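A short write-up of the structure that comes next.
Below is the structure:
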């Protein structure tokens with residue numbers, strides 16, 4: 063859709079500009095304006111640019127500053143504070159409205175709303191600002207200015223929002239509605255108090271029809287935001303409050319940056335941005351008080367800021383994007399703003415502006431310019447289009463050009479195209495004694511193309527002319543290659559009229575030979591075509607196919623009675639066997655019915671049991687070239703009767719050997735070790751070492767040698783473990799060691815590894831000599847690995863004979879070593895209590911009976927010992943012993 067030409071050229075941002083031309087948006091690179099936020103532009107009735115402005119400067123169509131076009135009091139940092147309004151019945155005069163919120167440093171530019179008059183003449187064909195900075199109001203203005211046509215289609219209404227003179231809080235506002243007529247801009251406005259407190263920040267838009275006004279309010283700290291809805295009377299200029307609701311739940315602390323109506327005025331769009339959270343939200347106007355139901359989030363971003371919104375000539379909504387420092391070199395577009403939710407189809411980075419950039423705003427236009435439009439829906443080219451038009455005022459006459467050489471002058475008209483395609487429909491509307499040209503791209507959708515005289519030929523096994531067809535197999539023959547149309551199948555044309563479809567076209571049984579089937583093909587646009595094709599049968603006698611054999615475990619799974627078959631191998635084998643042409647297609651199926659209907663075919667590598675399967679040949683013309691059954695056989699798996707694990711003695715030589723035998727039904731045997739090396743090739747295998755082994759056996763069946771492999775382990779029995787050892791030295795005349803074993807056998811015990819006693823899991827040694835004793839344990843069957851452990855039996859000799867013969871020459875505490883104990887401290891005394899020797903080292907031989915280098919006489923001597931074990935337990939012992947010399 064392309065609206066009237068006054069809004070054809072847009073100038074905005076940092077030298078950004080676009081032009082709407084025959085359904086395309088053209089990027090222009092001729093602007094001289096750098097507008098951080100607001101801007102406005104206007105073109106003549108033919109769509110030629112006249113001038114553009116940011117409220118501070120005016121540029122002509124040659125992109126030069128217009129005569130007297132600088133020094134305007136407007137602020138180009140405000141969001142929506144500049145607009146151009148033509149003077150009715152005067153094609154050469156225009157009003158430029160602009161606002162200022164901050165007093166200039168030299169105090170010459172006061173706050174308020176101003177306007178300038180611009181005139182075109184033979185003297186100034188590029189325009190001249192004849193008057194400027196004429197005050198409309200000295201009150202504090204908001205950045206919200208909008209305009210629409212009067213109901214008569216000739217005059218205009220300008221709507222502003224300003225502060226009240228006596229409002230100290232600056233939050234009480236008033237609508238001022240100015241009329242522009244043939245006498246010019248009437249500076250005495252209609253005034254309507256704003257129903258709620260609002261701040262200067264925010265946006266405001268009138269709908270294209272002029273019937274609705276929406277205004278958003280942002281506070282200075284962005285703590286409260288509201289959407290206010292008013293009805294606007296385009297005849298009287300009166301505003302009537304309808305409702306409002308807070309936007310806190312929508313935006314949290316995110317201020318609104320833009321607002322726009324959908325062309326059908328059923329939806330509104332609000333953009334929000336605070337740097338970290340940016341996005342676009344759609345509301346359905348009729349449900350707007352049902353907040354959650356009415357709202358749809360179209361887009362969100364934490365990077366690019368989403369700013370101003372503006373409806374375009376093509377009835378799409380354009381979105382200003384900005385990344386602060388340098389602007390952004392794209393615009394966003396809401397492609398289908400009349401649709402709800404995601405169907406509105408927002409496209410980010412849709413219109414490239416490079417080398418120029420978008421900033422915060424888009425041009426501000428008279429909203430009713432976008433009310434003029436053609437209304438129709440795209441239909442199939444053989445169907446009738448219904449056309450009518452809408453505008454901001456009653457349409458008194460219309461001239462249609464349908465883009466195919468046909469025309470009409472009816473207000474509401476119909477037209478049918480002779481061929482599918484895209485057409486530019488143009489309507490010249492007579493509105494308020496003015497001609498408005500609007501255009502729209504329409505698509506006359508093509509119909510599906512059904513190829514005539516097609517037939518589906520299926521194989522017949524009994525020559526009765528009847529068989530089962532998969533009607534879907536006709537698709538590639540009856541439609542163009544790559545077609546995506548949906549096909550429904552019918553028995554007659556009457557069934558098509560009643561929409562009585564064949565219920566299961568994939569498994570259709572014909573009732574007569576050469577039966578005609580009717581189809582309805584429907585494309586994605588709902589356009590359909592009707593056609594038919596013939597189904598017939600053919601009996602084809604194929605030669606016998608030899609049985610195909612595979613090994614049972616060829617699918618990698620042993621024992622499932624399945625083998626793996628390769629489609630490529632099957633096809634190659636059968637092609638050569640039956641001499642089948644290369645342009646015929648071979649497929650394989652598990653059942654005859656599957657083959658008939660070409661469903662559930664085998665592909666690639668497939669696993670299957672021994673059974674009958676079916677070959678189907680499809681010839682180059684897609685007809686059946688024969689169906690033939692043949693056998694696939696899975697050879698039996700060679701037998702291996704081996705356990706997962708065998709146990710042999712730790713020393714196999716002590717027991718009779720264990721011998722394994724392969725099954726006698728096999729022909730070859732390969733016994734391998736864990737490295738895969740064949741260590742024996744006979745049927746028998748003696749287990750003589752632990753480890754992992756495997757047996758591979760071979761057997762020939764149906765002239766195919768198959769193999770089977772099984773891995774097994776050879777292990778030793780688990781050795782026993784010491785459960786508990788208790789050493790009791792309380793009776794100095796009888797040291798005792800109690801031993802308890804965990805194991806799977808009966809065990810015998812020894813302290814010298816020669817003489818063994820016992821037959822169970824426990825044993826007690828008595829009269830054990832003091833010192834380090836090693837306990838030996840072995841199973842009575844001599845199969846498990848023997849274990850041993852050294853323990854300390856703490857004690858001392860009652861006498862010693864230090865005569866140098868190497869026997870009992872030293873006295874010491876026995877049963878101690880540094881592995882079991884942390885420290886030792888032994889003091890030896892004479893009968894007078896004098897310490898004559900100390901032992902503090904585990905490696906010490908003990909006392910040799912001397913003191914200060916002199917041998918002490920035979921006598922009784924006494925000792926005290928303190929021993930600390932590895933667990934920090936203190937063990938104290940004391941007593942006496944004799945020194946004997948002989």
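Numbering (this note's numbering), first residue to last: 63 to 948.
The beta carbon of each residue, even a glycine, is placed where N, CA and C say it ideally should be.
Just so we're clear, the structure is a prediction, and the values are computed from it rather than from any experiment.
Local conformation of residue i per DSSP, three classes
i, result
"residue 285", "Caution applies to residue 285, whose pLDDT of 46 falls short of 50 and renders its modelled position unreliable; the value that the coordinates give is listed next. If DSSP states are grouped into helix, strand and coil, residue 285 belongs with coil."
"residue 92", "coil"
"residue 820", "strand"
"residue 74", "strand"
"residue 833", "strand"
"residue 311", "Confidence in residue 311 is poor, its pLDDT being 49 and thus under 50, which makes the residue's placement too unreliable to answer from."
"residue 714", "helix"
"residue 451", "strand"
"residue 939", "strand"
"residue 947", "coil"
"residue 617", "helix"
"residue 63", "The predicted model places residue 63 with a pLDDT of 44, which falls under 50 and marks its position as unreliable, so this point remains unresolved."
"residue 931", "strand"
"residue 80", "strand"
"residue 922", "strand"
"residue 658", "helix"
"residue 388", "coil"
"residue 529", "coil"
In DSSP terms, what residue i is bridged to
i, result
"residue 127", "121"
"residue 598", "519"
"residue 305", "291"
"residue 686", "680"
"residue 675", "692"
"residue 161", "175"
"residue 847", "According to DSSP, residue 847 bridges with nothing at all."
"residue 275", "268, 292"
"residue 775", "707, 754"
"residue 762", "767"
"residue 3", "Past the edges of the chain, shown from 63 to 948, lies residue 3, and the structure says nothing about it."
Under 9 Å between C-beta atoms of residue i and residue j
i, j, result
"residue 889", "residue 922", "no"
"residue 372", "residue 320", "yes"
"residue 658", "residue 619", "no"
"residue 602", "residue 521", "yes"
"residue 856", "residue 887", "no"
"residue 826", "residue 869", "no"
"residue 141", "residue 465", "no"
"residue 503", "residue 453", "no"
"residue 513", "residue 593", "yes"
"residue 162", "residue 203", "yes"
"residue 268", "residue 291", "no"
"residue 816", "residue 801", "no"
"residue 198", "residue 148", "no"
"residue 213", "residue 433", "no"
"residue 541", "residue 510", "yes"
"residue 821", "residue 805", "no"
"residue 807", "residue 843", "yes"
Rounded distance between the beta-carbons of residue j and residue i, thought under 8 Å
i, j, result
"residue 489", "residue 536", "With 8 Å as the limit, residue 489 and residue 536 do not qualify as a contact, their Cβ atoms being about 45 Å apart."
"residue 154", "residue 111", "At roughly 16 Å, the Cβ-Cβ gap does not stay under 8 Å, so residue 154 and residue 111 are not in contact."
"residue 406", "residue 360", "6 Å"
"residue 725", "residue 759", "7 Å"
"residue 934", "residue 882", "Going by Cβ atoms, the distance from residue 934 to residue 882 rounds to 13 Å, so no, they are not a contact pair."
"residue 774", "residue 706", "6 Å"
"residue 584", "residue 527", "Between residue 527 and residue 584 the Cβ distance is about 31 Å, and since that is not below 8 Å, they are no contact."
"residue 419", "residue 463", "So it is not a contact: roughly 38 Å between Cβ atoms."
"residue 207", "residue 278", "Not quite, the Cβ-Cβ distance comes to about 14 Å (not below 8 Å), so this is no contact."
"residue 477", "residue 449", "7 Å"
Next on the checklist: Runs of 3 residues minimum, wholly inside the region 181-244: which ones carry the beta strand (DSSP E) assignment?
Outcome noted: 190-199, 203-211, 218-225, 235-243
Next on the checklist: At 4 residues or longer, what runs of the alpha helix (DSSP H) sit wholly inside the region 545-598?
Outcome noted: If only complete runs of 4 or more residues are kept, the region 545-598 shows the alpha helix (DSSP H) at 555-559, in order along the chain.
Checklist entry - Can you list, in chain order, the stretches of the beta strand (DSSP E) that have 3 or more residues and sit fully within the region 318-379? => result 318-323, 329-335, 340-346, 357-363, 367-373
Item to check | Secondary structure, alpha helix (DSSP H): runs of 4+ residues fully inside the region 403-479 | outcome: Segments of the alpha helix (DSSP H) lying fully in the region 403-479: there are none.
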